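To keep things clear, I will list the structure first and then write my remarks on it.
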Amino acid sequence: MKHETKGMLVGFIGIFIFSLTLPVTKIAVEILNPYFLCFARALLAGILAGAYLIYTKAPIPDAKQIRQFAIVALGVVFVFPLFINIAMTTGEASHAGVILGIMPLATVVAGVLLFHERPSFGFWMSALTGCALVCTYAYLNSEGGFRYTDLLLLIACAANGIAYAIGGNLSRTMNAKQVISWTLVLSLPINLLGSAFTFQESYFMAGTTIWISFLYLGIFSMFVGFFFWYGGMAIGGISRVSQVQLLQPFCTLLASAILVSEPITLMNILFAGLVITTVMIGRQMLVRRAQTV
């Protein structure tokens, strides 16, 4: 098997893991408080990450890297999970999956703004078109109005894009798997305190499905998925393997139909396709890479 093919297969496993996050979150927040779920799943992932760093004897990051990890944690560990948790208490996972389909483009935009990359005019047109499509979908799919959860999802998308861009920049000088691991480990004190303060005794009575969902979010969505995702790009190359991320909205639509019985509508499919097409075009536009910051 060619390296590119193997890399795409490994990378797709990571994307498939991530695509289940929204419907699984919707199941978990039926009982678990969105704040507890945010802190506790990161706490679980942080414990696993700590074990990984000890096992691999990873070097201690310097002060500059720690500051960057703090920004990555703000997006990946706190803002993104918390905001999608809140959104899933009332919104549909399929709806959110389409809106978050713009996230790959948000990551590139963040890289442009933070690291002085130079995109073409065509790239900016693609980015603006993608944003317009997402806003149009949110408006039409909400019976002629925007929901506050749509704003939460867009903020989550922006925060994750910034975190991914900074994490990607860190990955140019250190092992990519260590980036997510150190991010989680450095967040452990906050997540430990947050989990303790938001835990409720009623959670002991939560059913098996709720705790399986929690374990999935903590072990796979927050930790293992990144290993497959980064591993696939290491094997097959970033530019080629990253294209499988375009399948994530469609995987989320399918998972939402299976796990939480949400219908797959023509509007979902149409706008998911349009958003992904925009992302594909944007990625083909010229972006001159700056030096590592």
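Quick note: the sequence shown uses my numbering, first residue 821, plus one each step.
For every residue, glycine included, the Cβ atom is placed at its ideal position computed from N, Cα and C.
Treat the numbers as computed from the prediction; the structure is a model and nothing was measured.
DSSP three-state assignment for residue i, whether helix, strand or coil
{"i": "Pro-901", "result": "helix"}
{"i": "Lys-822", "result": "coil"}
{"i": "Glu-850", "result": "coil"}
{"i": "Val-766", "result": "The question about residue 766 has no answer here: the residues shown for the chain are numbered 821 through 1113."}
{"i": "Phe-1024", "result": "helix"}
{"i": "Val-1113", "result": "Low per-residue confidence applies at Val-1113: pLDDT is 47, beneath 50, and the placement is therefore not dependable, though the value from the model is reported in the following sentence. Val-1113 falls in the coil class under three-state DSSP."}
{"i": "Val-999", "result": "helix"}
{"i": "Gly-911", "result": "coil"}
{"i": "Ala-878", "result": "coil"}
{"i": "Met-994", "result": "coil"}
{"i": "Val-896", "result": "helix"}
Residues that DSSP places opposite residue i in a beta bridge
{"i": "Pro-1009", "result": "Per DSSP, none; premise fails for Pro-1009."}
Spatially closest choice to residue i from the options, by CA coordinates
{"i": "Leu-973", "options": "Gly-1027, Ala-871, Ser-914", "result": "Ser-914"}
{"i": "Ile-874", "options": "Lys-884, Ala-916, Gln-998, Arg-887", "result": "Gln-998"}
{"i": "Leu-1086", "options": "Asp-970, Gly-1014, Leu-960, Leu-857", "result": "Leu-960"}
{"i": "Phe-1017", "options": "Val-1099, Cys-1071, Phe-856", "result": "Phe-856"}
{"i": "Gln-1068", "options": "Trp-1049, Glu-1082, Ile-1055", "result": "Trp-1049"}
{"i": "Phe-838", "options": "Val-1005, Ile-986, Val-1064", "result": "Val-1064"}
{"i": "Met-908", "options": "Ile-1084, Pro-854, His-823", "result": "Pro-854"}
{"i": "Glu-850", "options": "Gly-831, Val-830, Thr-910", "result": "Thr-910"}
{"i": "Phe-898", "options": "Ser-1001, Leu-852, Cys-858, Leu-925", "result": "Cys-858"}
{"i": "Pro-1009", "options": "Leu-840, Val-830, His-823, Gly-870", "result": "Gly-870"}
{"i": "Leu-953", "options": "Ile-1101, Leu-1094, Met-1100, Gly-1102", "result": "Leu-1094"}
{"i": "Leu-1004", "options": "Ala-848, Ile-847, Leu-894, Asn-905", "result": "Leu-894"}
Residues of its chain near residue i, where Cβ-Cβ distance is below 6 Å and the 5 sequence neighbours each way are ignored
{"i": "Pro-843", "result": "Ala-913, Ala-1075, Ser-1076, Leu-1079, Val-1080"}
{"i": "Thr-1028", "result": "none"}
{"i": "Val-929", "result": "Ala-947"}
{"i": "Leu-971", "result": "none"}
{"i": "Ser-991", "result": "Val-999"}
Sequence-distant residues of the same chain with beta carbon closer than 7 Å to residue i, five excluded per side
{"i": "Phe-1047", "result": "Lys-997"}
{"i": "Ile-1096", "result": "Gly-921, Leu-1066, Pro-1069"}
{"i": "Met-1105", "result": "Pro-939, Ser-940, Gly-942, Phe-943, Ser-946"}
{"i": "Val-1113", "result": "Note that Val-1113 scores 47 on pLDDT, short of 50, meaning its location in the model is unreliable and no value can be drawn from it."}
Expected contact under 8 Å - CB spacing of residue i and residue j to nearest Å
{"i": "Asn-989", "j": "Phe-935", "result": "6 Å"}
{"i": "Tyr-968", "j": "Ile-919", "result": "So it is not a contact: roughly 13 Å between Cβ atoms."}
{"i": "Leu-886", "j": "Leu-1013", "result": "The identity of residue 886 in the sequence shown is Ile, whereas the question assumes Leu. No, Ile-886 and Leu-1013 are not in contact; Cβ-Cβ is about 19 Å, not under 8 Å."}
{"i": "Phe-804", "j": "Cys-1071", "result": "The structure shown does not extend to residue 804, since the chain is modelled only from 821 through 1113, so no value can be given for it."}
Cβ shell of residue i (< 8 Å), same chain only, five flanking positions each side left out
{"i": "Arg-861", "result": "Pro-901, Phe-1034, Leu-1037, Gly-1038, Ser-1041, Met-1042"}
{"i": "Phe-1024", "result": "none"}
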